[in-house]
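Enquirer:
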Ligand code: G1P
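Numbering (the numbering used here), first residue to last: 2 to 299.
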């Protein structure tokens with residue numbers, strides 16, 4: 002195992018159908034819905050680039066080509082906008098294309114058993130057995146230190162897998178993976194010995210939610226591979242990252258890092274509206290006017 006290596010790679014699973022946001026996501030991938038003035042997935046990519054990640058794999062499925070179209074550099078459009086004197090638009094379009102280069106974004110078709118472990122294993126096969134970040138593209142963070150960087154820092158401190166955690170209202174346990182926490186190491190770093198997927202409140206082992214960010218190590222990839230091989234032998238069940246982490250955590254060190262910052266979940270209609278509202282209010286150009294409008298309407 003090569004635990005202890007520097008993290009340069011990240012995977013963003015983006016093959017899901019976004020069922021909780023239907024019918025909004027019938028034709029538009031949920032990753033492309035706007036939060037503030039950017040699609041959700043651009044927030045994730047910017048966070049990774051700002052955290053020094055130089056290889057991003059986005060795992061997609063049919064109908065997701067607009068993600069690729071969004072990030073693909075378009076020099077002809079930039080040139081046209083410049084020729085028309087639309088400098089600000091030209092700069093904005095050029096900046097998005099530049100993310101592709103900085104993050105060296107590549108795309109991979111998801112294939113394999115149902116479950117969120119499959120895109121991680123798909124990406125790991127082509128990225129080699131290195132520790133890597135996995136970020137679901139439905140969480141947006143407003144944080145002084147990006148969430149991805151906080152996870153990398155925790156990994157550098159421990160050399161072990163790390164889960165992004167946030168304090169959770171106990172009534173929300175059936176929406177999240179909930180860690181078994183055994184030890185507080187200071188600065189929000191917690192030792193984890195298990196992870197339960199969406200337990201009832203009375204069965205929840207702690208008041209923390211695993212939100213969509215993980216440092217996945219070769220040990221966890223090996224467990225995902227084992228579960229996938231088993232699926233191909235029996236063709237039943239599903240392959241979940243939570244299960245692989247849970248098995249790995251029983252015999253190996255695993256940590257949780259409570260993320261410092263504000264977290265917006267964009268994966269369901271109610272929280273998505275909150276994310277849109279909050280980011281609009283926080284926008285440096287549009288925020289002040291919207292704030293006074295909110296006051297008038299409220
Ligand atoms: C997934 C994970 C769950 C985690 C959640 C965070 O669930 O399986 O452990 O807490 O993401 O967003 P999903 O929301 O895809 O059902």
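C-beta: ideal position from N, C-alpha, C; glycine also.
Can you give the Cα-Cα distance for residue 71 and residue 34, rounded to whole angstroms?
Expert: On the chain shown, position 70 is the one that residue 71 refers to. On the chain shown, position 33 is the one that residue 34 refers to. Approximately 12 Å, taken between the alpha carbons.
Enquirer: So, using beta-carbon positions, are residue 279 and residue 147 closer together than 7 Å?
Expert: Numbered from 1 along the chain shown, position 278 holds the residue referred to as residue 279. Numbered from 1 along the chain shown, position 146 holds the residue referred to as residue 147. The answer is no: Cβ separation not under 7 Å.
Enquirer: Where residue 229 and residue 135 are concerned, what is the direct C-alpha to C-alpha distance, given to the nearest angstrom?
Expert: If you number the chain shown from 1, residue 229 lands on position 228. If you number the chain shown from 1, residue 135 lands on position 134. Going from the Cα of residue 229 to the Cα of residue 135 covers about 18 Å.
Enquirer: Cβ-heavy atom distance between residue 88 and the ligand G1P below 6 Å?
Expert: Taking the first residue of the chain shown as 1, we reach residue 88 at position 87. Result no, Cβ not under 6 Å from the ligand G1P.
Enquirer: What do you reckon, is the C-beta of residue 211 under 6 Å from a heavy atom of the ligand G1P?
Expert: Against the chain shown, residue 211 aligns to sequence position 210. Yes.
Enquirer: For residue 95, which residues from the same chain have a beta carbon less than 7 Å from its beta carbon, with the 5 sequence-adjacent residues on both sides left out?
Expert: What you label residue 95 is simply residue 94 of the chain shown in a count that begins at 1. For residue 95, where only same-chain residues beyond five positions count, the Cβ hits under 7 Å are 79.
Enquirer: May I have the straight-line CA-CA distance separating residue 26 from residue 264, to the nearest angstrom?
Expert: Your numbering for residue 26 matches position 25 in the chain shown. Your numbering for residue 264 matches position 263 in the chain shown. Rounded to the nearest angstrom, the two C-alpha atoms are 22 Å apart.
Enquirer: Could you check where the alpha helix (DSSP H) with residue 68 kicks off and where it finishes?
Expert: Here residue 68 refers to the residue found at position 67 when the chain shown is read from its first residue. Counting along the chain, the alpha helix (DSSP H) containing residue 68 begins and ends at 66-72.
Enquirer: Buried or exposed for residue 2, going by 16 or more other Cβ atoms inside 10 Å?
Expert: Taking the chain shown and counting its residues from 1, the one referred to as residue 2 is at position 1. With a pLDDT of only 39 at residue 2, under the threshold of 50, the placement of this residue in the model should not be trusted; the figure read from the coordinates follows. Exposed.
Enquirer: When the Cβ atoms of the region 111-121 are set against those of the region 218-237, are three or more pairs found closer than 8 Å?
Expert: Segments in contact, yes.
Enquirer: Which value, in whole angstroms, describes the spacing of the CA atoms of residue 55 and residue 23?
Expert: Taking the first residue of the chain shown as 1, we reach residue 55 at position 54. Taking the first residue of the chain shown as 1, we reach residue 23 at position 22. Their Cα atoms are separated by approximately 33 Å.
Enquirer: Measuring from the CB of residue 215, is there a heavy atom of the ligand G1P at a distance below 6 Å?
Expert: Taking the first residue of the chain shown as 1, we reach residue 215 at position 214. Checking every heavy atom of the ligand G1P against the Cβ of residue 215, none is found closer than 6 Å.
Enquirer: Return helix, strand or coil for residue 183, following the three-state DSSP convention.
Expert: Within the chain shown, residue 183 is the residue found at index 182, counting from 1. In this structure, residue 183 counts as strand in the three-state DSSP scheme.
Enquirer: If you draw a straight line from the C-alpha of residue 73 to the C-alpha of residue 203, how long is it?
Expert: Residue numbering aside, residue 73 sits at position 72 when the chain shown is read from its first letter. Residue numbering aside, residue 203 sits at position 202 when the chain shown is read from its first letter. Using only the alpha carbons, I get a separation of about 47 Å.
Enquirer: When the Cα atoms are used, what is the spatial distance from residue 293 to residue 282?
Expert: Within the chain shown, residue 293 is the residue found at index 292, counting from 1. Within the chain shown, residue 282 is the residue found at index 281, counting from 1. Between residue 293 and residue 282, the C-alpha separation is close to 10 Å.
Enquirer: Near residue 84, which residues of its chain fall below 7 Å by C-beta distance, leaving aside the five closest residues on each side in sequence?
Expert: Stepping through the chain shown from its first residue, residue 84 is reached at position 83. Excluding sequence neighbours, residue 84 sits near nothing in its chain.
Enquirer: Report back the beta-carbon spacing between residue 195 and residue 247 to the nearest angstrom; my notes put them in contact at under 8 Å.
Expert: Locating residue 195 in the chain shown gives position 194, where the first residue counts as 1. Locating residue 247 in the chain shown gives position 246, where the first residue counts as 1. That belief holds up - the Cβ atoms of residue 195 and residue 247 are roughly 5 Å apart, short of 8 Å.
Enquirer: Between residue 1 and residue 177, which are expected to be in contact by the criterion C-beta below 8 Å, what is the C-beta distance as a whole number of angstroms?
Expert: The question about residue 1 has no answer here: the residues shown for the chain are numbered 2 through 299.
Enquirer: Below 7 Å between beta carbons: does that hold for residue 142 and residue 180?
Expert: Residue mapping note: residue 142 aligns to position 141 of the chain shown, counting from 1. Residue mapping note: residue 180 aligns to position 179 of the chain shown, counting from 1. Cβ atoms of residue 142 and residue 180: not closer than 7 Å.
Enquirer: Can you tell me whether residue 145 is buried or exposed, with buried defined as 16 or more other CB within 10 angstroms of its CB?
Expert: One-based indexing of the chain shown puts residue 145 at position 144. Label assigned to residue 145: exposed.
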